[in-house]
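What follows is a set of notes on a single structure, which appears directly below.
Protein chains: 2
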Amino acid sequence: MKLTILGSSSALPTSERYPSAHVLSVYERLYLIDCGEGTQMQLRRNKIRFGKLNHIFISHIHGDHVFGLYGLLSTMNLMGRTSTLSLYAPVRYREILFSHLLDFDIILGFNIDFFPLDSKDPVKILDDKHLTVTSFPLRHRIPSYGFLFREKPRDRNILKEAIEKYNIPAARIPAIKKGGDFVMGSGEIVKNEEITVPGPAPLSYAYCSDTMYFKRLSSFVRNVDLLYHEATFEASLGELARKTGHSTSTDAARSALEAEAGTLIIGHFSSRHKDVKHLVEEARDIFPRTIAAVDGTTYDVGNIDVP
Amino acid sequence: MKLTILGSSSALPTSERYPSAHVLSVYERLYLIDCGEGTQMQLRRNKIRFGKLNHIFISHIHGDHVFGLYGLLSTMNLMGRTSTLSLYAPVRYREILFSHLLDFDIILGFNIDFFPLDSKDPVKILDDKHLTVTSFPLRHRIPSYGFLFREKPRDRNILKEAIEKYNIPAARIPAIKKGGDFVMGSGEIVKNEEITVPGPAPLSYAYCSDTMYFKRLSSFVRNVDLLYHEATFEASLGELARKTGHSTSTDAARSALEAEAGTLIIGHFSSRHKDVKHLVEEARDIFPRTIAAVDGTTYDVGNIDVP
Numbered sequence: 364m365k366l367t368i369l370g371s372s373s374a375l376p377t378s379e380r381y382p383s384a385h386v387l388s389v390y391e392r393l394y395l396i397d398c399g400e401g402t403q404m405q406l407r408r409n410k411i412r413f414g415k416l417n418h419i420f421i422s423h424i425h426g427d428h429v430f431g432l433y434g435l436l437s438t439m440n441l442m443g444r445t446s447t448l449s450l451y452a453p454v455r456y457r458e459i460l461f462s463h464l465l466d467f468d469i470i471l472g473f474n475i476d477f478f479p480l481d482s483k484d485p486v487k488i489l490d491d492k493h494l495t496v497t498s499f500p501l502r503h504r505i506p507s508y509g510f511l512f513r514e515k516p517r518d519r520n521i522l523k524e525a526i527e528k529y530n531i532p533a534a535r536i537p538a539i540k541k542g543g544d545f546v547m548g549s550g551e552i553v554k555n556e557e558i559t560v561p562g563p564a565p566l567s568y569a570y571c572s573d574t575m576y577f578k579r580l581s582s583f584v585r586n587v588d589l590l591y592h593e594a595t596f597e598a599s600l601g602e603l604a605r606k607t608g609h610s611t612s613t614d615a616a617r618s619a620l621e622a623e624a625g626t627l628i629i630g631h632f633s634s635r636h637k638d639v640k641h642l643v644e645e646a647r648d649i650f651p652r653t654i655a656a657v658d659g660t661t662y663d664v665g666n667i668d669v670p
Numbered sequence: 364m365k366l367t368i369l370g371s372s373s374a375l376p377t378s379e380r381y382p383s384a385h386v387l388s389v390y391e392r393l394y395l396i397d398c399g400e401g402t403q404m405q406l407r408r409n410k411i412r413f414g415k416l417n418h419i420f421i422s423h424i425h426g427d428h429v430f431g432l433y434g435l436l437s438t439m440n441l442m443g444r445t446s447t448l449s450l451y452a453p454v455r456y457r458e459i460l461f462s463h464l465l466d467f468d469i470i471l472g473f474n475i476d477f478f479p480l481d482s483k484d485p486v487k488i489l490d491d492k493h494l495t496v497t498s499f500p501l502r503h504r505i506p507s508y509g510f511l512f513r514e515k516p517r518d519r520n521i522l523k524e525a526i527e528k529y530n531i532p533a534a535r536i537p538a539i540k541k542g543g544d545f546v547m548g549s550g551e552i553v554k555n556e557e558i559t560v561p562g563p564a565p566l567s568y569a570y571c572s573d574t575m576y577f578k579r580l581s582s583f584v585r586n587v588d589l590l591y592h593e594a595t596f597e598a599s600l601g602e603l604a605r606k607t608g609h610s611t612s613t614d615a616a617r618s619a620l621e622a623e624a625g626t627l628i629i630g631h632f633s634s635r636h637k638d639v640k641h642l643v644e645e646a647r648d649i650f651p652r653t654i655a656a657v658d659g660t661t662y663d664v665g666n667i668d669v670p
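Taken in sequence, the protein lines are chains A and B.
Numbering of the first sequence is given in our numbering, commencing with residue 364 and proceeding in unit increments.
Numbering of the second sequence is given in our numbering, commencing with residue 364 and proceeding in unit increments.
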């Protein structure tokens, strides 16, 4: 599970930070989360292939999270895409999107499967071979949703010694990896636990932007390995954060602590913070495993280095 | 008069070329021509101040010429703009723009003065202190317009020797620079031609994108100093160019030759042309003073170096 951050600015992009867009890569499948202006150029710059992108998640209908979508869809179309694209977005966006594409005479050669977000509770919105995705409500000025990506339990690892000892045929190995026992020619049963060990722990990633702090958020992302949480403002600007429906560095850290997250990555920085080192320090006072998002960087969710 | 190219790709941006956007700078005033996705980031990267931008010209309603406008307007708004912005665009775009801003609850704190383009003939659309701007029809799949920017004649230069010889008071100099004679205390008249020389020749720049070749185009941009003309395709792809309403390298050169332009700059390159050297060579066979647009480069319209 790898996360590439394409944009980590808030509404005003800077020369170093683009508007919000994240790409999660799980077993070669790509999941795009938010699609700020310039996303397609950032995908190219990071050599991420559009063709592997079949799911796009939009947190809320503010331009800095959406204005890259028209160009991206148009480019996919010009590149000859035919496979269905799943789009998960606040319910109101369906009409806005399709009417705007019509305004531009963009007739897509592929289908968009639109999944409307409108629940006040967590909802499982995707369940594929390797992953489940759950949306959950955030608290912002307009309806806003977070997303939790959770790998499914991975296969158990079969012990090499066991294969030799019991002379296990190759054809039986997939079933054993899924947890099955091994039945020998004699009819004797060898218990799965004796011949396997658990596979690597499944990983998880949660995206929380835009939102102000609220207690219930931590229950939605309990024990997540990597928590992205917006931290638009430094700690001293708590009043402004609440007024605009955003979080401070310490709000983000509090959520990470309450959720017992593995690592916290903060982003969606206000352009007023030219340097975000002090936001990281403020967060670390509460939640030490905190880092700041950097555009164009890829993070290995299972192995994040916190200096 | 200086031209900065922010984007020179056609519909599919690459990692090196952004979608169409040009900035013309005349006496510290900025004129933005087309506004492809990422324009606001390119403005920042090139350290061009949004506040000096009061006029935006949109050639036609295709996404690669417009999709950066929502983000730019939104950013201007967040930066507290209050001064009126003049927008010149095909008539149909007025409703599209304002309804899309409403979809995003973007309430602008400044007025947009919308000038609808819909004429089949050249129209003077702007006449300010230093400049006139004329729109003219292009030939594309949908209504598309070019823009001709022409500096007004500049003041004459007064000769230093004349000031000394006739003891001309400073207060009289502005009128003499405008072409007035000097009346001495004795009532004797010194003709303007005797005490001044012509100022630098006024410069001009024309933007032609998107368009296929057509004979009448050259009459719209006669004698222009710098002609930007799209050259989406290499010469061998003439049929594709005509089919899609675009030009080849040689189409662009023909227009430049017929218009007796000073210099031709080609752009709006198809992403199929990773290298555009041969497009420049093809054009130079017809019109030797041809160069290729490069994103992030500023050209001095009165002094362009052609290798």
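Note that the Cβ used here is the ideal one computed from N, Cα and C, for glycine as well.
query                                                                                                        : result
Backbone secondary structure at N440 of chain A - three-state DSSP                                           : helix
CA-to-CA distance, I558 of chain B to F545 of chain B, given in whole angstroms                              : 9 Å
Euclidean distance between Cα positions of G399 of chain A and G509 of chain B                               : 30 Å
Straight-line Cα distance separating L600 of chain B from A374 of chain A                                    : 42 Å
CB of T626 of chain B within 9 Å of CB of L589 of chain B, strictly                                          : yes
8 Å Cβ shell around G431 of chain B - same chain, five flanking residues per side excluded                   : P382, A384, C398, G399, E400, G401, T402 and Q403
Inter-residue Cα distance where the pair is L441 of chain A and R380 of chain B                              : 17 Å
Chain-ordered residues of the region 381 to 406 of chain B with a beta carbon less than 7 Å from chain A     : Y381, E400, G401, Q403 and M404
9 Å Cβ cutoff, M575 of chain B in contact with chain A                                                       : no
Reduced DSSP category for H453 of chain A - H, G, I as helix; E, B as strand; rest coil                      : The sequence shown places Pro at residue 453 of chain A, not His. Three-state DSSP puts P453 of chain A in a strand.
Reduced DSSP category for E719 of chain B - H, G, I as helix; E, B as strand; rest coil                      : Because chain B here runs from 364 to 670, residue 719 of chain B falls outside it and cannot be looked at.
Rounded C-alpha distance that separates D484 of chain A from T495 of chain B                                 : 58 Å
R513 of chain A, DSSP secondary structure in three states                                                    : strand
Straight-line gap, L489 of chain B to F512 of chain B (C-alpha atoms, nearest Å)                             : 9 Å
Coarse secondary structure for I505 of chain A, derived from DSSP in three states                            : coil
CB contact below 9 Å: A374 of chain A versus chain B                                                         : yes
Sequence-distant residues of its chain with Cβ nearer than 8 Å to R408 of chain B (five each side left out)  : G659
D466 of chain B versus T595 of chain B: straight-line alpha-carbon distance, rounded                         : 34 Å
Which of helix, strand or coil DSSP assigns to Y394 of chain A                                               : strand
The region 634 to 652 of chain A in contact with the region 579 to 588 of chain A per 3-pair CB rule at 8 Å  : no
6 Å Cβ shell around T497 of chain A - same chain, five flanking residues per side excluded                   : P485, K487 and L511
Short CB-CB distance (under 9 Å) between R408 of chain A and chain B                                         : yes
Rounded C-alpha distance that separates E458 of chain A from L369 of chain B                                 : 32 Å
Close Cβ partners of I424 of chain B (< 6 Å) along its chain, the five nearest in sequence each way excluded : P453 and Y456
Identified DSSP bridge partners for I531 of chain B                                                          : Bridge partners of I531 of chain B: none, in fact.
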